[in-house]
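Line by line, the protein sequences are chains A and B.
Per numbering that gives the first Met the number 0, the very first residue in the first sequence carries number 0; after that it's consecutive.
Per numbering that gives the first Met the number 0, the very first residue in the second sequence carries number 0; after that it's consecutive.
Built from N, CA and C at the ideal position, the CB exists for glycine as well.
Please read these numbers as outputs of a predicted model, since none were measured by experiment.
Below is one structure, written out as structure tokens; comments come after it.
Number of protein chains: 2
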Amino acid sequence: MSASAPATGVFCLGISTLDYVYSVETLPTRGEKYRSRGLAVVGGGCAGNASVAIARLGGRCWLATRLADDLTGDQIVGDLVREGVDMDFARRVAGLRSPVSAILVDAQGERMIISYSDPEVPEDTHWLPPVLPDGANAVLADTRWGEGALAALRLAREAGVPGVLDGDRKPPHPDLVATASHVAFSAQALAELSGEADPRGGLARLGQRASTWLAVTLGKEGVLFIENGEVVHTPAFTVETVDTLGAGDVWHGAFALALAEGQAERAAIRFASAAAAIKCTRFGGRSGAPKRDEVMQFLANVG
Amino acid sequence: MSASAPATGVFCLGISTLDYVYSVETLPTRGEKYRSRGLAVVGGGCAGNASVAIARLGGRCWLATRLADDLTGDQIVGDLVREGVDMDFARRVAGLRSPVSAILVDAQGERMIISYSDPEVPEDTHWLPPVLPDGANAVLADTRWGEGALAALRLAREAGVPGVLDGDRKPPHPDLVATASHVAFSAQALAELSGEADPRGGLARLGQRASTWLAVTLGKEGVLFIENGEVVHTPAFTVETVDTLGAGDVWHGAFALALAEGQAERAAIRFASAAAAIKCTRFGGRSGAPKRDEVMQFLANVG
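Put into structure tokens, the structure is as follows:
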């Protein structure tokens, strides 16, 4: 990428939230009262976090997301704009409540997430652009808005660019996996979809009937993906983990940006895994997403 | 109370929060992701809830509480003012974060509370009034601000009016129980303080060395209190419980108001238990606190 060329980028679609992150000694297990000594109020959500990662990595990023016209929505948009994300495709719906989450993080960095989305938020996609914006050389969609994800992945197909589905949850629409060019599942979603508890077996089973490139991200266990009909394993980089919150979303954002830039899948996995590893070494959810030079330095150091 | 006389009231001191109440199918037990289909953002906190109960029961109410000068604090104050609570003694501290809680309520009405208070909120009490406001014929303090509770209970002593401590948690200052004229513990706080798991035994043990009137509130198991050296049990009213959130706080507010009005303890318990019982039949935390005519009607019906 030359310095003078306009940056290539990713059209993202999905959820952006305001997260209330409570530090607790131990995660709650019973219907009692628990005290928190630390609170961070930060933007979050799969697509919101991935967008920030893309912007920090030097990519252009547009985020299509459904918000209410409330104070929470103002905070979500303001934060993303400050990060350099183009929010022209944020839809603000009157009279609803914007998505918020309560996230509890214990002393060991383990986290529990309770996410609220307004059930009244409209499914319709008529307000999405008819074609991808200039410079959007990939699409990334999450599973939180099925109709929207399908529309965005179709825009990618029509434009002939990669369309990545973040399969964090079981896809809410039956055509999503086939419409995407690339799907990266979570272990939980893959198990639900394939009916196999073992991610390797589940991936192999789905690979038999899909022409889409398929992977499953396993956190510190690395990534499994299918290449020439075989399940291939890539280990994660070993780092001192402080906070995994948002690391998966950073991975998806970096992976989609790498594909948008024309990197092959193996190189994109390496780039994304480095970005996610760096994030894990820093507290504060997506505020720990790295810049591109940090990723390049990290990759140079691991050799 | 004649219609023309100014209402008698309670000077309250303690915590007021903004609660994010998430409806969930089941309470979370592991470090995973949970979805919430319903969210209510409502004022809360022991003293805040008790203040609303007092105002709705027709009492005057002043609330001394420590908040930050943030948007959350604005929402907390605005909500209490709308309920008729005098917020002249709210202290707004610059640069801090106002108290917020995440409350998870499952399909059976069981709840889990994670409460955040800024650890930097100042302990000093110099900004409290030197004497109780005119018409404040009782004090109610919670355990969330030890120095403040002690100062407020001393004001009650100096004025010769009841000083009620809501012993929801183990009192944070050793002089609190002796300075109060009345303490109503939760079962958990009583067990911690007395070293006895059984509330009857714990209350009897504390009663041997305290001149303060002592009780323990046990939810649907009613109230235990000490009268003439004996532990006496009052059963709770039987109602169809929908939501217990804030019911204990409503009890404390109603109990303090009844004492302010000159009711004896047994009558005050009956009044408070009716108010709390009605609250339990209504969803939405303190928004279910009853008005006085509802309590009088309820008590007339149970005979």
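8 Å Cβ cutoff, residue i in contact with chain A
i, result
"B/VAL160", "no"
"B/GLU24", "no"
"B/TYR19", "yes"
"B/VAL308", "Lying before the first or after the last residue shown, residue 308 of chain B is absent from chain B, which here runs from 0 to 302."
"B/ARG96", "yes"
"B/VAL241", "no"
"B/GLY194", "no"
"B/LEU298", "no"
"B/LEU244", "no"
Three-state class that DSSP yields for residue i in the structure shown
i, result
"B/MET295", "helix"
"B/ALA2", "Low confidence applies here, because B/ALA2 scores a pLDDT of 49, under 50, leaving its location unreliable and the question unanswered by this model."
"A/GLU73", "One detail in the question is off: residue 73 of chain A reads as Asp in this sequence, not Glu. If DSSP states are grouped into helix, strand and coil, A/ASP73 belongs with the helices."
"A/ASN227", "coil"
"B/ALA93", "coil"
"B/SER272", "helix"
"A/GLY247", "helix"
"A/ARG34", "strand"
"A/GLY201", "helix"
"B/GLY283", "coil"
"A/LEU149", "helix"
"B/THR178", "helix"
"B/ALA288", "coil"
"A/PHE88", "coil"
"B/ASP117", "coil"
"B/SER185", "strand"
"A/GLY261", "coil"
"A/ALA196", "coil"
Inter-residue Cα distance where the pair is residue i and residue j
i, j, result
"A/GLN279", "A/PRO289", "Per the sequence shown, residue 279 of chain A should be read as Cys rather than Gln. Straight-line Cα distance between these residues: approximately 10 Å."
"B/GLY283", "B/GLY42", "10 Å"
"B/ALA89", "B/VAL76", "8 Å"
"B/ASP18", "B/ALA39", "8 Å"
"B/ALA267", "B/GLY58", "14 Å"
"B/CYS45", "B/ALA246", "10 Å"
"A/ARG141", "B/GLY94", "Arg is not the amino acid found at residue 141 of chain A; the sequence shown has Asp there. Straight-line Cα distance between these residues: approximately 36 Å."
"B/PRO98", "B/VAL120", "10 Å"
"A/ALA137", "A/VAL182", "13 Å"
"A/LEU189", "B/GLY252", "52 Å"
"A/THR25", "A/ARG110", "10 Å"
"A/PHE184", "A/GLU157", "23 Å"
"B/ALA148", "B/VAL84", "19 Å"
"B/VAL364", "B/ILE53", "Since the displayed chain B opens at 0 and closes at 302, residue 364 of chain B lies outside it and no answer follows."
"A/LEU139", "B/GLU220", "55 Å"
"A/ASP167", "B/ALA275", "43 Å"
"B/ARG55", "B/PRO132", "19 Å"
"A/ARG208", "A/SER193", "11 Å"
"B/ALA6", "B/VAL23", "41 Å"
Selection from the options that minimises the alpha carbon distance to residue i
i, options, result
"A/ASP165", "A/ASN300, A/LEU12, A/PRO27", "A/LEU12"
"A/PRO118", "B/PRO128, B/ARG204, B/ARG36, B/ALA93", "B/ARG36"
"A/LEU205", "A/ASP105, A/LEU217, A/LYS219, A/VAL230", "A/VAL230"
"A/ILE102", "A/GLU109, A/TYR21, A/LEU152", "A/TYR21"
"B/GLU195", "B/VAL215, B/SER180, B/PHE270", "B/VAL215"
"A/GLU146", "A/GLY134, A/VAL176, A/PRO132, A/ASP133", "A/VAL176"
"B/ASN48", "B/LEU79, B/ASP68, B/ARG65, B/LEU70", "B/LEU79"
"A/ALA186", "A/ALA299, A/THR178, A/LYS169", "A/LYS169"
"B/PHE297", "B/ASP248, B/VAL51, B/ILE277, B/GLY228", "B/ILE277"
"B/ILE14", "B/VAL23, B/GLU122, B/ARG55", "B/GLU122"
"A/LEU127", "A/GLN107, A/ALA106, A/ARG153", "A/ARG153"
"B/ARG96", "B/ASP73, B/ASP69, B/ASP87", "B/ASP69"
"B/THR240", "B/GLY218, B/GLU226, B/ALA179", "B/GLY218"
"B/GLN107", "B/THR243, B/SER193, B/PHE254", "B/THR243"
"B/TRP212", "B/GLY72, B/ALA179, B/VAL238, B/ASP248", "B/ALA179"
Residue i at chain B interface by Cβ criterion, 8 Å
i, result
"A/MET111", "yes"
"A/ARG36", "yes"
"A/SER3", "Below a pLDDT of 50, predicted positions are generally treated as unreliable, and A/SER3, at 49, falls in that range; the measurement from the model is reported next regardless. So no, A/SER3 is outside the interface."
"A/VAL176", "no"
"A/ARG81", "no"
"A/ARG55", "no"
"A/LYS169", "no"
"A/SER210", "no"
"A/PRO384", "No answer is possible for residue 384 of chain A: the residues shown for chain A start at 0 and end at 302."
"A/LEU66", "no"
Min CB distance residue i to chain C below 8 Å
i, result
"B/GLY30", "The chain inventory of the structure shown lacks chain C, comprising the protein chains A and B."
Counting Cβ pairs, one atom from each stretch, are 3 or more of them under 8 Å apart for the segment 109-123 of chain A and the segment 17-35 of chain B? Yes: the two stretches touch, three or more of their Cβ pairs being nearer than 8 Å.
Contact between the segment 61-77 of chain A and the segment 244-261 of chain A (3+ Cβ pairs under 8 Å): no
If you pair each beta-carbon of the segment 154-161 of chain A with each one of the segment 222-242 of chain A, do three or more pairs fall below 8 Å? no
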